[in-house]
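Asks: Chains A, B and C supply the protein sequences, listed in that same order.
So for the first sequence, our numbering puts the first residue at 131; every next one is plus one.
So for the second sequence, our numbering puts the first residue at 131; every next one is plus one.
So for the third sequence, our numbering puts the first residue at 131; every next one is plus one.
Don't be surprised by glycine CBs; every beta carbon is placed ideally from N, CA and C.
Sharing a structure, written as structure tokens. Questions coming.
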Amino acid sequence: MTYAEQVAIEEIKRLFARRIRAMDTKDWVLYDSCHTLDATVDSFGTLPEEQRPAGSIARGKDQILAMIKKVVDGKVKVTTVHHAHMPEIEITSPTTAKGIWAMEDLLWWQNGDVEEHLRGFGHYHETYEKIDGAWLIKSRVLTRLRVNSTPDFQSYYYK
Amino acid sequence: MTYAEQVAIEEIKRLFARRIRAMDTKDWVLYDSCHTLDATVDSFGTLPEEQRPAGSIARGKDQILAMIKKVVDGKVKVTTVHHAHMPEIEITSPTTAKGIWAMEDLLWWQNGDVEEHLRGFGHYHETYEKIDGAWLIKSRVLTRLRVNSTPDFQSYYYK
Amino acid sequence: MTYAEQVAIEEIKRLFARRIRAMDTKDWVLYDSCHTLDATVDSFGTLPEEQRPAGSIARGKDQILAMIKKVVDGKVKVTTVHHAHMPEIEITSPTTAKGIWAMEDLLWWQNGDVEEHLRGFGHYHETYEKIDGAWLIKSRVLTRLRVNSTPDFQSYYYK
Chain A
131 MTYAEQVAIE EIKRLFARRI RAMDTKDWVL YDSCHTLDAT VDSFGTLPEE QRPAGSIARG
191 KDQILAMIKK VVDGKVKVTT VHHAHMPEIE ITSPTTAKGI WAMEDLLWWQ NGDVEEHLRG
251 FGHYHETYEK IDGAWLIKSR VLTRLRVNST PDFQSYYYK
Chain B
131 MTYAEQVAIE EIKRLFARRI RAMDTKDWVL YDSCHTLDAT VDSFGTLPEE QRPAGSIARG
191 KDQILAMIKK VVDGKVKVTT VHHAHMPEIE ITSPTTAKGI WAMEDLLWWQ NGDVEEHLRG
251 FGHYHETYEK IDGAWLIKSR VLTRLRVNST PDFQSYYYK
Chain C
131 MTYAEQVAIE EIKRLFARRI RAMDTKDWVL YDSCHTLDAT VDSFGTLPEE QRPAGSIARG
191 KDQILAMIKK VVDGKVKVTT VHHAHMPEIE ITSPTTAKGI WAMEDLLWWQ NGDVEEHLRG
251 FGHYHETYEK IDGAWLIKSR VLTRLRVNST PDFQSYYYK
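Right, dumping it as structure tokens:
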């Protein structure tokens, strides 16, 4: 492992952390600064194509931002907590890298008198690209080990 | 990022981990060794001044130690688990740094026949200082995304 | 901290992450590649000898693999999520190291019509050895802060 790779790994960990913190604090300007222009996000990496909600893959940073805002900061305000762990970052060239993170997410929202809740577990599989000296997220696929939720959570989430 | 900064980041991560481990294992000698003499801790960083419990900001390492011992290892023994994630550490000079960590804490204590429980989520915002060759925690503010607890937990915790 | 130590710490973090990911995704070939031939695992480090399930200490990588497969991927399929945090890695020689990680584990399995569940918290205490250029896990002791489970979980788990 070269010194430059060591630095890149730490920078990528920090980028990853910033993206999650931006999401959970709903800082959408910061969130938007974390992805490449052409980034793609697939939050249902474990589901076969035919079981996915329509438009479940976001293509381009504008779609990525629009999707996350719609889901957690639209008509319904969702409190979100995302924690990720034990990164395995591999630098594949001076300007490209990939990483796997174990993750947990918790979401709460008010559905009339009922508080809906989701708690999920899985892995983020990401790729990164260094552009103009800064590492950015180029792709993300979320695979799941387990998802628990209150009965009506999904009806909202997938609509 | 210089090599010295890389080393400092790893040392600060380890310091942070040691403080949390000391708290959860109730090793108060180790805990006390983690803060600067003049350290400050604000565990209610999200609350406006008027809603805070009296004396909620600890000033100086003696107050910090006294407060945590009173809360979790005084008349009432509280089992605590603190997990923190995705550090964003920034070295601001050869002897100063700051960091943000996503966190979760879980507390359990026996209230007569009832087991009280708290589970919270948020961020630690810390600053660090290097004194005599060792990094120490100089300040900590805890902001919250969400706190769940059994009904009587707060009455104890805030008293 | 030398540069070689910095690299070793990152390599050990990645090794640790790989072992956990292999366990939770039930990739037993990958799992088996993470331990030394003579590795030992004690998953009940907090219990006195007389309270432990028989054979609770696995000796050698074959026993380690057999034990974990029996517990989570035998007759009963257990969904597992292990998350570990805040590593304190210390390089004790060019080819040996030790580390402490805070941890949480979640297990679910179907017991007839009932879903059993365990959620535990504690610390992994590991040692590592570098063999033929690759870091491997040489020993692991799990100590516990707290374990919650459904009533019948233990009867299965310890049998």
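Check whether chain A comes within 8 Å of residue 136 of chain B, counting only Cβ atoms and requiring the distance to be less than that.
Replies: Numbered from 1 along the second sequence, position 6 holds the residue referred to as residue 136 of chain B. Output row for residue 136 of chain B: interface = yes.
Asks: For residue 211 of chain B, go through chain C and note every residue whose CB falls closer than 7 Å to its CB, in chain order.
Replies: Against the second sequence, residue 211 of chain B aligns to sequence position 81. Those within 7 Å of residue 211 of chain B in chain C are 251, 275, 276.
Asks: Ordered along the chain, which non-local residues of its own chain (more than five positions away) have a Cβ less than 6 Å from that of residue 230 of chain A?
Replies: Position 100 of the first sequence holds residue 230 of chain A. Taken in chain order, the residues that qualify are 218, 253, 255.
Asks: Please confirm if residue 151 of chain B has its CB atom under 8 Å from at least one CB of chain C.
Replies: Taking the first residue of the second sequence as position 1, residue 151 of chain B is located at position 21. It does: the Cβ of residue 151 of chain B has a partner Cβ on chain C nearer than 8 Å.
Asks: Could you give the first and the last residue of the continuous alpha helix (DSSP H) run that contains residue 192 of chain A?
Replies: Working through the first sequence from its first residue, we reach residue 192 of chain A at position 62. Counting along the chain, the alpha helix (DSSP H) containing residue 192 of chain A begins and ends at 191 to 203.
Asks: Restricting to Cα atoms, I'd like to know which of B/166, B/138, B/278, B/136 is closest to residue 149 of chain B.
Replies: Counted from its first residue, the second sequence places residue 149 of chain B at position 19. Comparing Cα positions, the closest option is B/166.
Asks: Exposed or buried, which one is residue 240 of chain B when buried takes at least 16 other CB atoms within 10 Å?
Replies: Sequence index remark: in the second sequence, residue 240 of chain B carries index 110 (1-based). Label assigned to residue 240 of chain B: exposed.
Asks: Does any residue of chain A have a CB that is nearer than 8 Å to the CB of residue 215 of chain B?
Replies: Reading the second sequence from its first residue, position 85 is the one you call residue 215 of chain B. For residue 215 of chain B, the answer is yes, since a Cβ of chain A falls inside 8 Å of its Cβ.
Asks: Does the segment 260 to 274 of chain A come into contact with the segment 132 to 148 of chain A, if we say contact requires no fewer than three beta-carbon pairs (one atom in each stretch) closer than 8 Å?
Replies: In short, these stretches touch, since the Cβ pair count reaches three.
Asks: Going by other Cβ atoms of all chains shown within 10 Å of its Cβ, with 16 needed for buried, is residue 261 of chain C buried or exposed?
Replies: Against the third sequence, residue 261 of chain C aligns to sequence position 131. Residue 261 of chain C comes out exposed.
Asks: Would you kindly report the start and end of the unbroken beta strand (DSSP E) that includes residue 227 of chain C?
Replies: If you number the third sequence from 1, residue 227 of chain C lands on position 97. Residues 226 to 241.
Asks: Short of 8 Å in beta carbon distance, which residues of its chain neighbour residue 156 of chain C, apart from the five on each side in sequence? Order them along the chain.
Replies: Position 26 of the third sequence, counting from 1, holds the residue named residue 156 of chain C. Result list for residue 156 of chain C: 202, 203, in chain order.
Asks: Can you find at least 3 beta carbon pairs, one from the segment 267 to 281 of chain C and one from the segment 157 to 176 of chain C, that sit closer than 8 Å?
Replies: Output reads yes: the segment 157 to 176 of chain C touches the segment 267 to 281 of chain C.
Asks: How is residue 184 of chain C classed by DSSP in three states: helix, strand or coil?
Replies: Within the third sequence, numbered from 1, the residue matching residue 184 of chain C stands at position 54. Note: residue 184 of chain C maps to coil in three-state DSSP.
Asks: What does the alpha-carbon distance come out to for the pair residue 210 of chain C and residue 131 of chain C?
Replies: As a working note, residue 210 of chain C is residue 80 in the third sequence. As a working note, residue 131 of chain C is residue 1 in the third sequence. Cα to Cα, residue 210 of chain C sits roughly 36 Å from residue 131 of chain C.
Asks: Who does residue 167 of chain C pair with in a DSSP beta bridge?
Replies: Here residue 167 of chain C is taken as the residue at index 37 of the third sequence, counted from 1. Paired residues: none, contrary to the question.
Asks: With which residues is residue 218 of chain B paired in a DSSP beta bridge?
Replies: Locating residue 218 of chain B in the second sequence gives position 88, where the first residue counts as 1. Its beta-bridge partners are B/230.
Asks: Is the CB-CB distance between residue 158 of chain C and residue 199 of chain C below 8 Å?
Replies: Walking along the third sequence from the start, residue 158 of chain C turns up at place 28. Walking along the third sequence from the start, residue 199 of chain C turns up at place 69. In this structure, residue 199 of chain C lies closer than 8 Å to residue 158 of chain C by Cβ.
Asks: Spell out whether any CB of chain B is found under 8 Å from the CB atom of residue 131 of chain C.
Replies: Here the question's residue 131 of chain C lines up with position 1 in the third sequence. Answer yes: the Cβ-Cβ gap between residue 131 of chain C and chain B drops below 8 Å somewhere.
Asks: Taking CB distances under 8 Å as the criterion, tell me whether residue 256 of chain C reaches chain B.
Replies: To locate residue 256 of chain C, count along the third sequence from 1; it is residue 126. Cβ-Cβ to chain B under 8 Å: no for residue 256 of chain C.
Asks: Under the rule that 16 or more other beta-carbon atoms within 10 Å means buried, what is residue 171 of chain A, buried or exposed?
Replies: Residue mapping note: residue 171 of chain A aligns to position 41 of the first sequence, counting from 1. With 16 or more Cβ atoms within 10 Å of its Cβ, residue 171 of chain A is classed as buried.
Asks: When the Cα of residue 233 of chain A is compared with those of C/177, C/137, C/214, which residue comes out closest?
Replies: Start at 1 with the first residue of the first sequence, and residue 233 of chain A comes out as number 103. Here the closest residue by C-alpha is C/214.
Asks: Which of helix, strand or coil does DSSP assign to residue 282 of chain A?
Replies: Translated into the one-based positions of the first sequence, residue 282 of chain A becomes position 152. It is coil, neither helix nor strand.
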